[in-house]
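Residue numbers (our numbering): -1 to 192.
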């Protein structure tokens, strides 16, 4: 049995505890290397904002008001990406004509065009409701259009089809292909036939 002072010191619980603490300290002081994120600066937004309102106008007259839950602005492409819910109100010379809701969208800030996707619903104040999965609003022509499947609910009819074009208030509209629907005859129409 070795009873030397060195052997007694290295076998003591206090020494072993100190040695363990020293090892933990030394290991804890090592620099932790995280993988570098090599983001291209051109891919990053110039601005980011939450719960914002954007006004789109033509010749000094408001055409649309866009509310965005979260938006990213890219100066290089002159575009705003809305990725957490979008609400739009469309206006004509008499005021509000319709509202639009969708999951996400993009605004082309140069032309003021708007593209939306995901559970798109347009509610006209006077001419029904349109449901689709994507559409675009062309500000210059004041026209909404899509090549996607649409479902239009009017006061008396439900019409479906492929491809759609209309003014934002849904007053004048065209469904391009595969038109189907349920048309309800008005009681006045029946009396006119007698």
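No residue lacks a Cβ here, since even glycine has one placed at the ideal position from N, Cα and C.
Verify whether the separation of the beta carbon atoms of residue i and residue j is less than 8 angstroms.
i	j	result
residue 66	residue 88	no
residue 77	residue 104	yes
residue 94	residue 123	yes
residue 182	residue 155	yes
residue 163	residue 141	yes
residue 130	residue 118	yes
residue 68	residue 44	no
residue 193	residue 167	Look at the range of the chain in this structure, -1 to 192, and you will see that residue 193 is not part of it.
residue 112	residue 134	yes
What is the rounded straight-line gap between the Cα of residue i and the Cα of residue j?
i	j	result
residue 158	residue 143	15 angstroms
residue 80	residue 92	28 angstroms
residue 139	residue 84	22 angstroms
residue 125	residue 58	27 angstroms
residue 116	residue 171	21 angstroms
residue 146	residue 161	5 angstroms
residue 53	residue 110	10 angstroms
residue 11	residue 17	10 angstroms
residue 50	residue 15	58 angstroms
residue 42	residue 153	46 angstroms
residue 75	residue 46	15 angstroms
Going by DSSP, name the residue or residues bridged to residue i.
i	result
residue 98	86 and 120
residue 142	135 and 164
residue 115	102 and 132
residue 50	66
residue 41	Residue 41 pairs with nothing; no bridge assigned.
residue 71	45 and 78
residue 57	None; residue 57 has no bridge partner.
residue 159	148
residue 182	None, per the DSSP bridge assignment.
residue 93	90
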